[in-house]
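Its first residue numbered 106, the sequence shown is counted upward by one per residue in the working numbering. Even glycine gets a Cβ: it sits at the ideal position worked out from N, Cα and C. Only one structure is covered here, and it is reproduced in the block below.
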Amino acid sequence: MFKGRYLSDNNLKEQALGEHPSTLDLQSNLLHFFVSENDLVGEIPSTICNLSSLAVIDLSKNKLGGVIPSCLGNSSYLSVVDLRMNNFIGKIPPIYIEGGILRSLNLNGNQLEGSIPTSLSKLQNLQVLVLRSNRFCGGIGIEDFNGTFSFSSLRMIDLSRNEFTGRLSPALFDHFKAMRDIQENKTSPSYMGEIYYSQYYVLSYYNDPIIVTMKGLEMKLERILTILTVIDFSSNHFQGPIPEAVGELNSLIVLNFSHNSLTGNIPPSLGKLAALESLDLSANKLQGRIPQQLTQLSFLGALNLCQNKLEGPIPQASHFDTFSNDSFSGNSGLCGFPLSKKCDNDVGSESPASTVADDHESETALFWKITAMGYGCGLVCGFSMGYIVFTTGRPRWLAKMIKRNPQKRNRTRLHRNGGRRN
């Protein structure tokens, strides 16, 4: 039998919950139910659903099993549901109340299965959706949500390590409106946990701990900045191209589509993700060249494009030179730094000395060609002029000069021999 340990909120001190939480008169309070990390076993009792003022339920890191009660969303004040790291089975129950304020649902590390229920797509205030490491399947296209979905407030969505299939729907990313143009308050950063109700404001002290795969490492965040935006669809069976619409999420910080079966080219629109710090597209079937636009991502600190079918030269611009060989390995068609494979048309690989030598050889060859042409033309002209002079006797001045020269040569010879003729 499930045994609760403590119940706390901003108005009440610690209260023993016992086996029958419905016996407590707590209707006038907003309840925060924390029973995490206590090695609890068994199932969640349905009596917990009688707490109509339940705001936060955290049963994470226990050994609870069975199915999640379908009445869990009965409270219109329910803001956070954290059931991660348990042994729950079955499907996600419908968690939807008209006007509900659920902002965080974390089901990481269970044995849940089935598709994402349509009710989740109707949660207008949902900011964090973590379904990581379960057995979920099916698609995430608009047709999978009965032709409509919202997700307009979603800032973090982690579907990694499941069995989702199908193509990535462009319409899905079009609806991630909260991942666009987030204004950062650098002087006073805020964290998720502030709960707004329709009639009054309540500050929640629940810090939303979460695990994020960022820059190739799993990082546990005890608190989530409101400016942190994450899309992690890694380790599934998604197919087809990466939608151009992803590039419109210009406040996105982490994007992980690795270990799927995505095809086509890397869309140049990803170069518009100005805030992106971590990009992982590894272990897919992407092809074509790496877009030059990716060099515009000035905050990009981690890049992994390995194990694809990319080809052509790696862009050599901006801080792209700082990425190691591991970022590009496993693409037999890629070439250029930092890979050892040189590009065939890499003019820059030629040394300046060899270029100067080649230019000198070209100039020398051109000089001898011109000389040979001039010599040949002069020889032909000489023979032609001689033939004309001796056959026609014209021009007379040239003919007289030629005839006078032999006599001059004879007089010179006699003078040298003392006037004797031979």
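- In its chain, beyond the 5 residues on either side, I247 have a beta carbon closer than 7 Å to the beta carbon of A276.
- With respect to the C-alpha of L136, the residue from G147, F281, N143 and S181 having the closest C-alpha is S181.
- Just so you know, the alpha carbons of L354 and I200 end up roughly 27 Å apart.
- In the structure shown, the three-state DSSP call for P418 is strand.
- Comparing alpha-carbon positions, the option among G321, N192 and Y296 lying closest to P314 turns out to be Y296.
- Inter-residue distance for P346 and I194 is about 32 Å (C-alpha atoms, whole angstroms).
- Pairing L177 with T318, the inter-Cα distance amounts to about 29 Å.
- Here the C-alpha atom of D286 lies approximately 12 Å from the C-alpha atom of I358.
- Counting only residues of its own chain and dropping the five nearest sequence neighbours on each side, E349 has a CB closer than 8 Å to the CB of P275, P372 and S374.
- Between Q412 and G441, the CB-CB gap reaches or exceeds 9 Å.
- When the five nearest sequence neighbours on each side are left out, the beta carbons in the same chain lying within less than 7 Å of the beta carbon of R240 are those of Q216, L217, E218, N267 and E268, in order along the chain.
- Of V161, S184, I197 and N155, the smallest CA-CA separation from G171 is found for I197.
- Secondary structure of C154 (DSSP, three-state): helix.
- Residue state for A350 is assigned as helix, using DSSP reduced to three classes.
- For L367, the pairing in a beta bridge is given by DSSP as G345.
- By the C-beta density criterion, N409 is buried, having at least 16 other C-beta atoms within 10 angstroms.
- For D163, the secondary structure class from DSSP, reduced to helix, strand or coil, is strand.
- Cβ contact annotation for C242 (same chain, cutoff 8 Å, sequence separation greater than five): E218, G219, S220, N267, E268, F269 and T270, in chain order.
- Beta-bridge partners of K168 (DSSP): V146.
- With at least 16 other beta carbons inside 10 angstroms of its own, Q232 counts as buried.
- For the options L360, K377, R394 and F362, the alpha carbon positioned closest to that of N370 is the one of R394.
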